[in-house]
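Remarks on the structure that follows.
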Amino acid sequence: MKIVSTLFSASLMIGSATAILGGQKVPQGTKTYVTGLRSSIDPKSPDDFSFCGGVLISPTHVLTTASCTTTADAKFVSVGAHYVNGGQDGDEIKGVHVENHPHFNADTLANDFAVLKLAKASKYKPVKLPAPGGSDIKSGMWPTAFGWGLTSAPPKGMASEELLKLIQQVVTNDASRKALNSTTIDMSHVCAGGEQGKSPCQGDTGGPFIKENGKGDADDVVIGLISGGSCGEKGSPSIYARVSSALPFINGELKK
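Numbering (mature numbering (1 follows the signal peptide of the UniProt record, and there is no 0)) for the sequence shown: -19 to -1, 1 to 237.
Structure follows, in structure tokens:
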């Protein structure tokens, strides 16, 4: 089975739904490290919305997926925004350079990482990166995914106007391979969920999968990025890019 990206189609409409395939609204003013990638910040433009997610990992760097940056032009990034149009709150900052992981595979979504450098520093606090070796990820734990994607499966799904969250239980890669009948899941992936009607969907790609340590946003750790899945199909886990697997690449980009 080929892993299917949850990349957003520009033709999909923005709606006022209150749940993202079983998710909940994020309180405004929290999780301000979540970012939206944008082709335009012109309110009159049909592209004035976040087509993919991301996460602030330094004042001037955003981590997202290469499946986003290789298929659409991320000219701007909204940081700290609660709404999908990004203009009502938060920062809107120009992106000046994107570096995709050198071993990204668009067919299998292996090494699905990209780092986008911002033209100026954001005022918001970055999220923490995970420890090397993947020690922040345990099978059975319940991290949280964030995004503005579809609130029901396509073709009828509409994207949320407000940032939403979804808690999913991590499953082993072996279990995910069996569930998806796939041999393409590797150590650059982490899998979670599989409950019917509860998953990230189109428009959520690139958004963070967060380990919340219970001490507020300042202690949150990004362990994954939304990469692929089936929009809430029963027994089909969501696929995330495992951030700890790409730390050498990410840390190299942070030095630039």
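Just so you know, even glycine gets a beta-carbon here, dropped at the ideal spot from N, CA and C.
Inter-residue spacing [alpha-carbon to alpha-carbon] between residue i and residue j
i           : j    : result
T11         : A126 : 14 angstroms
G233        : T45  : 15 angstroms
residue 251 : W129 : Residue numbering for the chain in the displayed model covers -19 to 237; residue 251 lies beyond these limits and cannot be assessed.
S211        : Q5   : 19 angstroms
H78         : S157 : 34 angstroms
T(-2)       : C172 : Interpretation of T(-2) is limited by its pLDDT of 29, a score under 50 that renders its predicted location unreliable; the figure taken from the coordinates is listed afterwards. Whole-angstrom Cα-Cα distance: 25 angstroms.
I22         : V96  : 20 angstroms
T153        : S120 : 6 angstroms
L235        : D167 : 25 angstroms
N162        : P24  : 43 angstroms
G187        : P40  : 18 angstroms
F190        : E80  : 21 angstroms
T164        : E176 : 21 angstroms
E214        : K159 : 15 angstroms
I(-6)       : C33  : The predicted model places I(-6) with a pLDDT of 33, which falls under 50 and marks its position as unreliable, so this point remains unresolved.
N86         : Q9   : 36 angstroms
Residue j beta carbon less than 8 angstroms from that of residue i
i    : j    : result
H42  : L99  : yes
P83  : I38  : no
D93  : L228 : no
G178 : P218 : no
S20  : K56  : yes
S59  : T16  : yes
H63  : D70  : yes
L18  : S26  : no
L144 : V7   : yes
P181 : V151 : no
A91  : S169 : yes
V65  : S141 : yes
K101 : I74  : yes
Bridge-paired residues (DSSP) for residue i
i           : result
D72         : V60
R19         : F57
residue 238 : For the chain, the structure presents residues -19 to 237; residue 238 sits outside this window and is missing.
S180        : In DSSP, S180 forms no bridge with anything.
N81         : A95
P189        : L206
L145        : K6, G128
S226        : The partner list for S226 (beta bridge, DSSP) is empty, contrary to what the question assumes.
N86         : A91
S39         : H42
Cβ neighbour criterion (16 or more within 10 Å) applied to residue i
i           : result
S225        : buried
V203        : buried
P113        : exposed
D88         : exposed
Q149        : buried
Y221        : buried
K192        : buried
residue 245 : Any question about residue 245 goes unanswered here, given that the chain covers just -19 to 237.
A199        : exposed
P116        : Just to set this straight, residue 116 is Ser in the shown sequence, not Pro. Exposed.
G197        : exposed
I(-17)      : Note that I(-17) scores 49 on pLDDT, short of 50, meaning its location in the model is unreliable; the coordinates nonetheless yield the value given after this. So I(-17) ends up on the buried side.
D155        : exposed
beta-carbon residue i near the ligand MN non-hydrogen atom, thresh 7 angstroms
i    : result
S169 : The ligand MN is not among the ligands present in this structure, which contains no ligands whatsoever.
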